[in-house]
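All remarks here apply to the structure that follows.
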Amino acid sequence: MIKPLAQPGRTPLYLELAREIQELVEQGTLRPGHRLPSVRRMALQRDVSISTVIQAYTVLENRGVLEARPQSGFYVCPRLADGVPVPRMAKPMAKPSYVGVNDLTAEILTFSTDPSYLPFGAACPDPSLFPNQKLARLLGSVCRNDPALLGRYAMNWAYDPLAREIARRYLQCGAPLAHDELVITVGCTEAINLCLRAITKPGDTVAVETPTYFGFLETLQSLNLRALEVPTDPITGLCLDATRDALAHNDVKALILMPNFSNPLGACMPDEKKAKLCQLLAEYDVPAIEDDIYGDLHFGERRPKPLKAWDTDGRVLLCGSFGKTLAPAMRVGWCAPGRYLERVRRLKFTNTLGTPVILQKAVSDFLRNGGYDHHLRSIRRAYHGQLHLFTQAILRHFPAGTRLSRPEGGFILWVELPPGVDTLKLHRAALTHHINTAPGALFSVKDRYRNCLRMNCGLPWSDTIEAALRTLGQFAAQQLR
Numbered sequence: 182m183i184k185p186l187a188q189p190g191r192t193p194l195y196l197e198l199a200r201e202i203q204e205l206v207e208q209g210t211l212r213p214g215h216r217l218p219s220v221r222r223m224a225l226q227r228d229v230s231i232s233t234v235i236q237a238y239t240v241l242e243n244r245g246v247l248e249a250r251p252q253s254g255f256y257v258c259p260r261l262a263d264g265v266p267v268p269r270m271a272k273p274m275a276k277p278s279y280v281g282v283n284d285l286t287a288e289i290l291t292f293s294t295d296p297s298y299l300p301f302g303a304a305c306p307d308p309s310l311f312p313n314q315k316l317a318r319l320l321g322s323v324c325r326n327d328p329a330l331l332g333r334y335a336m337n338w339a340y341d342p343l344a345r346e347i348a349r350r351y352l353q354c355g356a357p358l359a360h361d362e363l364v365i366t367v368g369c370t371e372a373i374n375l376c377l378r379a380i381t382k383p384g385d386t387v388a389v390e391t392p393t394y395f396g397f398l399e400t401l402q403s404l405n406l407r408a409l410e411v412p413t414d415p416i417t418g419l420c421l422d423a424t425r426d427a428l429a430h431n432d433v434k435a436l437i438l439m440p441n442f443s444n445p446l447g448a449c450m451p452d453e454k455k456a457k458l459c460q461l462l463a464e465y466d467v468p469a470i471e472d473d474i475y476g477d478l479h480f481g482e483r484r485p486k487p488l489k490a491w492d493t494d495g496r497v498l499l500c501g502s503f504g505k506t507l508a509p510a511m512r513v514g515w516c517a518p519g520r521y522l523e524r525v526r527r528l529k530f531t532n533t534l535g536t537p538v539i540l541q542k543a544v545s546d547f548l549r550n551g552g553y554d555h556h557l558r559s560i561r562r563a564y565h566g567q568l569h570l571f572t573q574a575i576l577r578h579f580p581a582g583t584r585l586s587r588p589e590g591g592f593i594l595w596v597e598l599p600p601g602v603d604t605l606k607l608h609r610a611a612l613t614h615h616i617n618t619a620p621g622a623l624f625s626v627k628d629r630y631r632n633c634l635r636m637n638c639g640l641p642w643s644d645t646i647e648a649a650l651r652t653l654g655q656f657a658a659q660q661l662r
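Residues 182 to 662 in our numbering are what the sequence shown spells out, letter by letter.
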């Protein structure tokens with residue numbers, strides 16, 4: 182039972198109630214999935230107002246402790262697998278290497294667009310999670326109110342109201358940006374591509390996390406750049422000692438990383454580590470391209486600051502998009518390239534002239550009037566719950582000794598199976614059951630992570646997903662036998 186409410190003193194009643202409920206969750210008295218008393222019942226039990234209980238529950242919802250279920254009430258949020266070993270950190274890479282073309286990437290992306298295959302392989306959330314109807318109405322309204330937009334070239338760096346909204350949101354999370362230093366791009370992929378082209382030339386070495394997002398490797402390969410893989414902790418991100426060693430012994434021209442909920446590990450660098458990394462980059466005079474696409478998908482109370490928040494001399498090129506949070510198909514991204522702004526602008530002009538103003542305006546209108554923060558809370562709860570369900574099912578069905586990442590944001594899970602499991606063979610077997618996976622070998626330029634998988638948990642839970650995970654576990658067990 183919940184203890185009687187302590188004397189609040191100067192602390193507001195709702196915060197005191199929130200603190201006591203959170204303590205019960207942390208102690209295990211209130212377990213994941215436990216339904217809390219209704220707002221009215223809690224108010225009667227504690228002799229407080231209904232508004233006090235609503236405020237307390239809302240605080241806990243924002244912290245990721247509780248989740249609200251329509252017509253059902255408030256429940257304790259699921260917790261990811263405490264006590265399960267995390268994947269092991271890789272060893273440093275001896276020397277940089279050119280990226281070879283991997284046909285498997287194209288195959289996985291192709292199967293991900295086939296509705297007859299379960300899309301475990303691509304980091305594509307289910308379309309039902311996005312406010313598609315509201316965006317469609319906004320897009321139609323933009324076209325009706327200014328149809329001439331359809332007849333104009335989009336020769337611009339940014340639609341000003343959208344740039345201001347993006348800058349405002351970064352200011353709220355501790356990274357002040359001027360709206361006129363933003364370039365709106367065709368997704369985050371174009372932003373990364375433009376930034377790499379602005380600071381490197383063919384043959385240069387670029388340091389990357391390992392494992393790293395295979396899209397980064399594909400971009401490096403297309404630009405004839407060499408990759409130097411730096412070990413990355415599955416909880417706290419890029420290893421700074423290994424980064425210093427890589428910069429000291431190699432002519433590294435750039436670093437590309439995801440400090441917030443990296444793909445595929447889901448790691449989030451602590452603030453002090455981000456600050457030290459910025460100092461290290463300044464010491465060796467190396468720019469960093471930061472992909473912040475998952476930053477808004479945090480499960481905790483506050484959005485983690487981007488690396489850009491500690492950038493004092495414009496060497497961090499911040500990139501992001503609305504592809505994982507709002508509208509994947511609209512392909513609206515951005516970059517804040519700091520001291521490289523003019524180079525990126527010129528490259529944007531030669532690359533795509535500009536990003537369609539119609540799409541920018543529709544997104545801007547949603548940010549200002551469409552309830553974006555409410556939507557973010559909803560989608561974060563969905564991702565958090567789905568990660569928990571995937572985690573528990575993998576622990577049930579995969580072989581003993583399987584290791585799992587513990588992301589505190591996003592919807593990607595990194596799975597390390599026992600040695601002896603070849604996930605490329607597992608992928609081939611799974612395709613015969615119309616299950617598409619992402620083998621670990623995709624996430625390195627070397628022959629690493631042969632026993633690992635990246636799992637897309639951005640899919641609403643169903644019996645079909647449970648059965649597919651059971652099938653994958655059976656295939657893995659057969660390999661071990």
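C-beta: ideal position from N, C-alpha, C; glycine also.
By the C-beta density criterion, Asp628 is exposed, having fewer than 16 other C-beta atoms within 10 angstroms. Thr286 carries a helical assignment under DSSP once its states are collapsed to helix, strand and coil. Ala408 is bridged by DSSP to Ser278 and Val387. A direct Cα-to-Cα measurement between Gly519 and Glu362 gives close to 7 Å. DSSP places Val596 in the uninterrupted beta strand (DSSP E) bounded by Ile593 to Glu597. Secondary structure of His614 (DSSP, three-state): coil.
Within the same chain, Cβ atoms closer than 6 Å to the Cβ of His608 are found at Thr618 and Pro620, the five residues on either side in sequence being excluded.
A residue is called buried when at least 16 other Cβ atoms come within 10 angstroms of its Cβ; Pro308 does not meet this threshold and is exposed.
Counting only residues of its own chain and dropping the five nearest sequence neighbours on each side, Gly535 has a CB closer than 6 Å to the CB of Ala335, Met336 and Asn337. In this structure, DSSP gives Lys627 a state outside helix and strand, which the three-state scheme calls coil.
Judged by DSSP secondary structure, Ala469 falls within the beta strand (DSSP E) whose first and last residues are Ala469 to Asp472.
Rounded to the nearest angstrom, the Cβ distance from Pro213 to Ala408 is 40 Å, too far for a contact under 8 Å. In the structure shown, Leu522 falls within a helical segment according to DSSP collapsed to helix, strand and coil.
Listed in chain order, the non-local C-beta contacts of Ala581 below 6 Å within the same chain number zero, local neighbours out to five positions each way being set aside.
Annotated three-state conformation of Met450 is coil, per DSSP. Residue burial is scored here from C-beta neighbours: Ile231 has fewer than 16 other C-beta atoms within 10 angstroms and is therefore classed as exposed. In the three-state reduction of the DSSP assignment, Arg244 falls in the coil class, being assigned neither a helical nor a strand state.
Short of 6 Å from the beta carbon of Tyr351, and not among the five residues preceding or following it, lie these beta carbons of its own chain, in chain order: Leu358. In this structure, Arg584 sits near Val265, with a CB-CB distance shorter than 8 Å.
The Cβ atoms of Pro445 and Tyr394 sit closer than 8 Å to each other. Classified as exposed, Thr531 has fewer than 16 neighbouring CB atoms from the shown chains inside 10 Å of its CB. With respect to Leu540, Ala517 sits apart: the two C-beta atoms are not nearer than 8 Å. The criterion of a C-beta distance shorter than 8 Å is not satisfied by Lys542 and Tyr238.
If one requires a minimum length of 3 residues, the beta strand (DSSP E) runs lying completely within the region 314–389 are 364–367, in chain order. In this structure the region 322–330 does not touch the region 456–471; the number of beta carbon pairs closer than 8 Å is below three. With respect to the C-alpha of Pro537, the residue from Lys434, Thr294 and Arg512 having the closest C-alpha is Arg512. A residue is called buried once 16 or more other Cβ atoms fall within 10 Å of its Cβ, and Tyr279, having fewer, is exposed. Selection Met439, Gln353 and Arg425 evaluated against Val433 yields Arg425 as nearest (Cα-Cα).
The beta-bridge partner set that DSSP reports for Thr413 consists of Leu419.
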